[in-house]
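Number of protein chains: 2
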Amino acid sequence: MSQALIRKLQNFVKLSATDQRALERAGSERVRRIGPHEDIIREGDKPSSVMLIVDGWACRYKYLEDGRRQIVGFFVPGDICDLNIFLLKEMDHSIGSLTEVLIADISRESLETLMGVSQRIAQALWWDSLVSLAIQREWTINLGQRDAVERMSHLFCEMFLRQQSAGRAQISGCEFPVTQAELGDATGLSTVHVNRTLQQMRSAEMITLHNKRLVIHDLDALMRQAMFNPNYLHLGRDGAHLDAND
Amino acid sequence: MSQALIRKLQNFVKLSATDQRALERAGSERVRRIGPHEDIIREGDKPSSVMLIVDGWACRYKYLEDGRRQIVGFFVPGDICDLNIFLLKEMDHSIGSLTEVLIADISRESLETLMGVSQRIAQALWWDSLVSLAIQREWTINLGQRDAVERMSHLFCEMFLRQQSAGRAQISGCEFPVTQAELGDATGLSTVHVNRTLQQMRSAEMITLHNKRLVIHDLDALMRQAMFNPNYLHLGRDGAHLDAND
DNA sequence: TTGTGAAACTAACCTATGTAAATAGAGTAA
DNA sequence: TTACTCTATTTACATAGGTTAGTTTCACAA
């Protein structure tokens with residue numbers, strides 16, 4: 008059920024069988040199914056639990072008063088929304104599904120139990136939240152400095168590696184169930200320009216995006232194109248020193 | 008010493024005298040002075056302590072391979088860098104001073120002590136880190152959706168309110184010790200265009216930026232211009248229910 | 001008081017990306 | 001099949017903002 012989360016956290020530290028069972032339990036207590044293109048939680052709502060994406064894609068987004076929309080991040084299986092979210096009185100942005108989505112709600116109590124099970128779990132979850140923050144910074148950089156091709160390339164690299172780290176990618180590519188309009192909202196580009204850019208990348212034989220699938224023809228080239236430095240994903244077993252006995 | 012931090016945290020929850028003393032102690036243990044325009048910690052370094060800005064301005068930034076630079080956030084007095092930062096093996100970005108800066112290093116142990124003093128302190132610090140994350144998302148939105156005038160207006164609103172929430176602003180405006188080139192790095196605009204935009208705002212009598220000081224002539228108008236919604240700063244005493252006795 | 005370097009400002013020109021409006025496919029419910 | 005609705009694609013044209021290469025202003029050290 009929460010295999011993706013476990014896989015991802017193991018990039019930081021090795022989790023014992025007990026740890027894994029605790030995570031699986033927490034991730035299967037209250038699971039709900041959301042249709043595609045629905046709001047999961049809306050700006051202004053009171054957040055009441057931490058959410059784990061078990062299956063499907065979702066995104067965080069916010070509208071400006073005049074209707075422009077910015078997607079500020081994607082959620083893929085294994086992703087958790089902000090750990091301490093219930094400290095806030097209300098959401099300052101919304102989360103919506105892109106595909107059909109399975110969500111596990113983790114109550115405050117379950118979360119506390121979970122983090123009490125072992126130091127390693129607690130630290131792995133904090134590590135994950137630091138990585139989320141780093142990802143958000145990287146999006147800021149992406150929008151601030153990169154041009155259209157670089158920007159989309161960077162996004163593709165990121166989503167590929169993130170899914171890979173959760174055991175959700177193949178060698179050739181990964182799922183990418185995002186329309187061109189949504190891609191535009193995520194990259195700050197118009198749909199027209201997203202379309203132009205995709206065609207350019209396709210004819211340069213960098214990537215193909217078709218049928219909700221991203222095929223990467225040459226990852227190294229794509230990373231170079233995007234000036235993609237994976238350091239911000241902190242995938243190198245940072246917490247190896249925490250590999251304690253069970 | 009850490010008055011700014013205490014003032015800011017009180018936006019979330021009322022802190023007891025004991026809480027305040029603990030914060031002051033933690034914020035004055037190891038204080039160092041950094042000259043203007045120096046790196047405080049550099050991409051690749053191993054983060055070893057949590058840093059609290061006691062005085063002066065700093066920024067987070069990252070270079071792309073080809074030399075472009077994006078400033079992804081400003082630090083003003085009372086700001087803390089990521090609470091769990093020592094979980095990471097190395098920094099994925101740098102932090103540099105803008106002015107002369109006073110920094111309090113808070114060791115892992117001091118931090119644990121601090122968060123052990125009271126639930127309220129711990130929660131206030133977690134609240135602060137959620138707000139930082141929200142700020143980062145808002146920067147993403149700013150760069151993705153707003154044009155030059157809106158973007159700079161938004162930044163000015165944010166920095167004014169953030170300083171105000173730490174007791175560091177006046178009715179007329181606040182400090183703003185940032186050069187136009189740095190403003191460009193923060194907003195993703197060229198210096199030339201930053202200059203054009205500032206002049207436009209000045210002649211529209213929205214703001215004046217001179218001598219490291221930002222004067223806001225009409226905050227409401229500026230906020231409207233920027234489509235600035237302060238909700239993401241969560242300044243409304245979210246944790247009022249935690250106002251326990253001493 | 002002059003000299004120096006950084007910061008602010010200007011001007012001319014260029015281009016990446018946006019806008020508007022229409023067409024073409026693809027998927028699906030009836 | 002038809003009809004309907006998303007999604008992808010195309011074309012023509014407009015513009016915000018970038019680039020280059022200056023000049024001016026200002027703080028302040030000598």
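Residue numbers (our numbering), protein chains in the order written: chain L, 8 to 253; chain U, 8 to 253.
Glycine residues also receive a C-beta, built at the ideal position from the N, C-alpha and C atoms.
If you're wondering where the values come from, they're calculated on a predicted model, not measured in any experiment.
- Within the segment 122 to 149 of chain L, the residues whose Cβ lies closer than 7 Å to some Cβ of chain U are Gln130, Trp133, Trp134, Leu137, Leu140, Ala141, Gln143, Arg144, Trp146, Thr147 and Ile148, listed in chain order.
- At the C-beta level, U:Asp99 and L:Tyr239 come within 7 Å of one another.
- Gly195: these are the residues of the segment 195 to 217 of chain L whose beta carbon lies less than 8 Å from some beta carbon of chain U, given in chain order.
- The beta carbon of L:Glu72 sits closer than 7 Å to some beta carbon of chain U.
- In chain order, Ile87, Cys88, Leu90, Ile92, Ile113 and Leu118 place their CB closer than 7 Å to the CB of U:Val57, counting only its own chain and leaving out the 5 sequence neighbours on each side.
- Ranked by Cα distance from L:Leu109, the options L:Ala65, L:Asn236 and L:Phe163 are led by L:Ala65.
- L:Ser35 and L:Gln10 have their C-alpha atoms roughly 11 Å apart.
- Check the Cα spacing between L:Val79 and each of L:Ala173, L:Asn202, L:Val156 and L:Leu140: the tightest is with L:Leu140.
- Between the segment 149 to 167 of chain L and the segment 222 to 231 of chain L there are three or more inter-stretch CB-CB distances shorter than 8 Å, so the stretches are counted as touching.
- When beta bridges are read from the DSSP output, U:Asp46 appears opposite U:Gly103.
- For U:Ile223, the beta-bridge partners assigned by DSSP are U:Ile214.
- Taking the beta carbon of L:Met234 as reference, the chain U residues within 8 Å of it are Leu71, Glu72 and Asp73, listed in sequence order.
- Between the C-alpha atoms of L:Pro237 and L:Ala247 there is a straight-line separation of about 19 Å.
- Interface with chain U (7 Å Cβ-Cβ cutoff): L:Asp46 is excluded.
- Here DSSP, grouped into helix, strand and coil, assigns U:Cys88 to coil.
- Distance from the CA of U:Arg14 to the CA of U:Asp192, rounded to the nearest whole angstrom, comes to 29 Å.
- Among the residues facing chain L, U:Lys96 is included, as its CB has a counterpart in that chain under 7 Å away.
- Boundaries of the beta strand (DSSP E) around L:Leu59: Val57 to Asp62.
- In the three-state DSSP reduction, U:Glu72 falls in the coil class, being neither helix nor strand.
- Residue burial annotation: U:Asp154 is exposed, with fewer than 16 other C-beta atoms found within 10 angstroms of its C-beta.
- DSSP lists L:Lys69 as the beta-bridge partner residues of L:Gln77.
- Of the other Cβ atoms in all chains shown, fewer than 16 fall within 10 Å of the Cβ of L:Asp225; this residue is therefore exposed.
- Burial of L:Glu165 is indicated by the presence of at least 16 other C-beta atoms within 10 angstroms of its C-beta.
- By a beta-carbon distance limit of 8 Å, U:Gln77 contacts L:Thr147. Their separation comes to about 7 Å.
- Scanning chain L for C-beta atoms nearer than 7 Å to the C-beta of U:Gln152 yields Leu71, Arg75, Gln77 and Gly195, reported in chain order.
- With a beta-carbon spacing of about 6 Å, L:Val185 and L:Leu105 fall inside the 8 Å limit used to define contacts.
- In the DSSP annotation of this structure, L:Arg37 is not part of any alpha helix (DSSP H); the continuous beta strand (DSSP E) holding it starts and ends at Arg37 to Ile41.
- For L:Asn91, the closest Cβ of chain U is nearer than 7 Å.
- Nearest to L:Ala173 by C-alpha distance, out of L:Val61, L:Ser23 and L:Ala211, is L:Val61.
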